[in-house]
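I have placed the structure first, in the form of structure tokens, so that the comments after it can refer back to it.
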Amino acid sequence: MDDPRRAIPRVNSILDDPRFAEPQGRLGRALVRAHVGAVLQRVRGGELPVDKALETALDTLPKTAASLRRVINATGVIVHTNLGRAPLSEAAKAAMVEAAGHTDVEFDLTTGQRAARGTAALAALAERVPEAEAVHVVNNNAAALVLVALALAPGREILISRGEFIEIGAGFRIPDLLAAAGARIREVGMTNRTRTEDYADAITPETALILKLHPSNYFIKGFFEGVPVEPLAKLNVPVVYDIGSGLLEPHPLLPDEPDARSALRAGAALVTASGDKLLGGPQAGIVLGRAELVAKLRKHPLARAMRVDKTTLAALEATLRGPLPPVHACLEADVRGRAAQLAKRLHDHGIDAHAVQTLAAVGGGGAPDVELPSWAVSLPARYAEPLRGGDPPVVGRVAGDRCLLDLRAVQSKEDDEIFTRVSELA
Ligand SMILES: *Cc1c(COP(=O)(O)O)cnc(C)c1O
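Mapped onto our numbering, the consecutive letters of the sequence shown carry residue numbers 19 to 444.
The following block contains the structure:
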């Protein structure tokens with residue numbers, strides 16, 4: 019009779035508590051019900067005292083109706099593909115929220131008539147890259163390449179240097195992607211050496227285009243020779259240059275990273291790139307270049323299957339027109355002072371923490387040979403797992419018996435949150 023489980027309340031009686039009214043409105047009844055159910059399950063399992071059930075359920079409610087959570091990226095990898103690549107600027111986030119409801123994405127508010135989709139985002143892109151006669155935006159860079167193959171090389175040949183046969187990650191290989199879109203791939207040159215003559219000799223009436231791929235996630239050192247855009251552009255077939263990371267202009271810290279403006283000036287007919295790498299914006303594929311080629315891409319029936327969402331257009335426009343995105347601040351940040359200060363605060367709290375010098379990376383398939391000097395707060399390795407588990411999760415890296423929280427990709431306003439998370443765990 020005195021089995022404490024007898025006193026376990028019913029889910030409905032908890033949901034009827036007035037404190038659960040607002041969360042049910044915000045998150046939906048089904049989600050809150052499942053959450054309360056899970057908490058009561060912990061009570062039944064003896065993990066949680068019954069008189070703590072209601073409070074715990076309230077305190078641990080999910081923040082949103084989706085499970086993706088904001089994460090503090092203390093890995094030292096700025097564009098971390100597993101952590102959502104580029105963090106958006108506040109301006110881009112605000113633009114996404116504004117466009118999330120009904121919005122004038124295809125509507126002219128002056129005339130009250132239908133209008134072309136996403137013109138403002140495309141105009142922003144065109145303004146930033148005056149060398150491009152025309153621009154287009156699709157879901158990601160992979161889609162941009164597929165569209166290039168579909169529209170410009172159906173059943174025909176695309177020439178690619180053997181030094182540029184790239185797997186972009188998770189088993190996806192660019193030549194396979196193009197072949198799946200119906201193009202035939204013709205390998206040119208050798209892994210370590212490809213010369214202009216190799217391309218010239220491979221050109222036949224079957225050749226649709228030359229595709230130059232920036233080996234963004236590796237680099238070849240030693241006895242290596244590749245061909246820049248300029249001589250290729252003289253070969254009388256269009257040169258499409260996949261620059262990968264989406265720099266629009268050269269960046270002084272990334273001397274070997276190609277940029278769209280220079281590539282077009284050198285004669286590339288089209289440039290393709292990702293929106294969520296060094297451009298610092300939302301996931302998107304951008305295509306820049308000659309008007310007649312861009313028009314062919316836009317007119318292809320499958321272009322419709324790659325079209326971007328209104329919130330993507332909003333974020334892209336805000337990234338291009340608004341303040342510099344966080345990726346750029348991270349690239350240029352000197353975090354030594356912040357690391358020293360955070361380590362001292364933790365140390366004063368009795369925690370085994372000190373600042374150490376590290377090497378951060380651009381990541382996300384960008385500038386693989388660039389090491390960015392950085393600083394981390396070093397903690398005992400046992401902190402790594404609980405730091406990932408709490409709220410907000412802090413993801414560092416473990417090196418030997420230490421957990422390193424590299425501040426290169428951490429926004430300065432997140433330092434306090436790291437302090438709170440670590441000191442709570444201590
Ligand atoms: C990242 C990358 C891609 C793939 O881009 P997504 O936007 O992820 O589709 C293609 N090519 C190169 C060179 C890249 O670096």
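Backbone N, C-alpha and C define an ideal beta-carbon position, used for all residues, glycine too.
All of these numbers come straight from a predicted model, not from anything done at the bench.
Exercise. Return yes when at least one heavy atom of ligand 1 lies under 6 Å from the C-beta of residue 333, else no.
Key: no
Self-check item: N- and C-terminal bounds of the beta strand (DSSP E) containing residue 259
Solution: From DSSP, the beta strand (DSSP E) with residue 259 extends over 257-262.
Exercise. Identify the continuous beta strand (DSSP E) that holds residue 373 and give its terminal residues.
Key: 372-379
Exercise. For residue 19, I'd like the list of residues in its chain whose CB is within less than 7 Å of its CB, leaving aside the five on either flank, ordered along the chain.
Key: In this prediction, residue 19 has a pLDDT of 44, which is less than 50 and means its spatial position is unreliable; what the coordinates show is noted afterwards. Same-chain partners within the cutoff: there are none.
Quiz prompt | Unbroken alpha helix (DSSP H) run spanning residue 247, endpoints | solution = It spans 247-251 - the alpha helix (DSSP H) in which residue 247 sits, taken as one unbroken run.
Quiz item: Is the closest heavy atom of ligand 1 to the C-beta of residue 159 under 6 Å?
Solution: yes
Quiz item: Would the C-beta of residue 234 count as close to ligand 1, meaning under 6 Å from any of its heavy atoms?
Solution: yes
Exercise. Report yes if the C-beta distance between residue 425 and residue 414 is below 7 Å; otherwise report no.
Key: no
Practice problem: Could you give the DSSP three-state label for residue 19: helix, strand or coil? | Solution: Interpretation of residue 19 is limited by its pLDDT of 44, a score under 50 that renders its predicted location unreliable; no figure is taken from the coordinates.
Self-check item: Near ligand 1: residue 179 beta-carbon under 6 Å from a heavy atom
Solution: no
Practice problem: Pair every Cβ in the region 236-255 with every Cβ in the region 202-210, then say whether three or more of these pairs are closer than 8 Å. | Solution: yes
Quiz item: CA-CA distance, residue 138 and residue 277?
Solution: Those two C-alpha atoms are separated by around 22 Å.
Quiz item: Closer than 6 Å: is that where the CB of residue 186 sits relative to any heavy atom of ligand 1?
Solution: yes
Exercise. Mark residue 335 as exposed unless 16 or more other C-beta atoms lie within 10 angstroms of its C-beta, in which case mark it buried.
Key: buried
Practice problem: Kindly provide the ranges of any alpha helix (DSSP H) runs that are 4 or more residues long and lie completely inside the region 298-378, ordered along the chain. | Solution: 309-317, 328-339, 344-350 and 354-366
Quiz item: Where residue 196 and residue 379 are concerned, what is the direct C-alpha to C-alpha distance, given to the nearest angstrom?
Solution: 29 Å
Quiz item: Assuming residue 295 contacts residue 262 under a Cβ cut-off of 8 Å, what Cβ separation, rounded to an integer in Å, is found between them?
Solution: 7 Å
Exercise. Pick helix, strand or coil for residue 42, following the three-state DSSP scheme.
Key: helix
Quiz item: On the three-state DSSP scale, how would you describe residue 391?
Solution: strand
Quiz prompt | Span of the beta strand (DSSP E), counted from its first residue to its last, around residue 288 | solution = 288-292
Self-check item: Nearest-angstrom Cα separation, counted from residue 169 out to residue 314
Solution: 6 Å
Self-check item: Straight-line gap, residue 429 to residue 28 (C-alpha atoms, nearest Å)
Solution: 43 Å
Quiz item: With 16 other CB atoms within 10 Å as the buried threshold, where does residue 301 fall?
Solution: By the neighbour-count rule (16 or more Cβ atoms within 10 Å), residue 301 is buried.
Quiz prompt | For residue 250 and residue 258, believed in contact at Cβ under 8 Å, the rounded distance | solution = Wrong, their Cβ atoms sit about 10 Å apart, outside the cutoff.
Self-check item: CA-to-CA distance, residue 337 to residue 127, given in whole angstroms
Solution: Near 23 Å, if we compare the C-alpha coordinates of residue 337 and residue 127.
Quiz item: Touch check for the region 111-130 and the region 311-326: three-plus C-beta pairs under 8 Å?
Solution: Judged by pairs of C-beta atoms under 8 Å, the region 111-130 does not touch the region 311-326, as fewer than three such pairs exist.
Practice problem: Mind the definition here: the region 182-193 touches the region 339-358 only if three or more C-beta pairs lie below 8 Å; say whether that holds. | Solution: no
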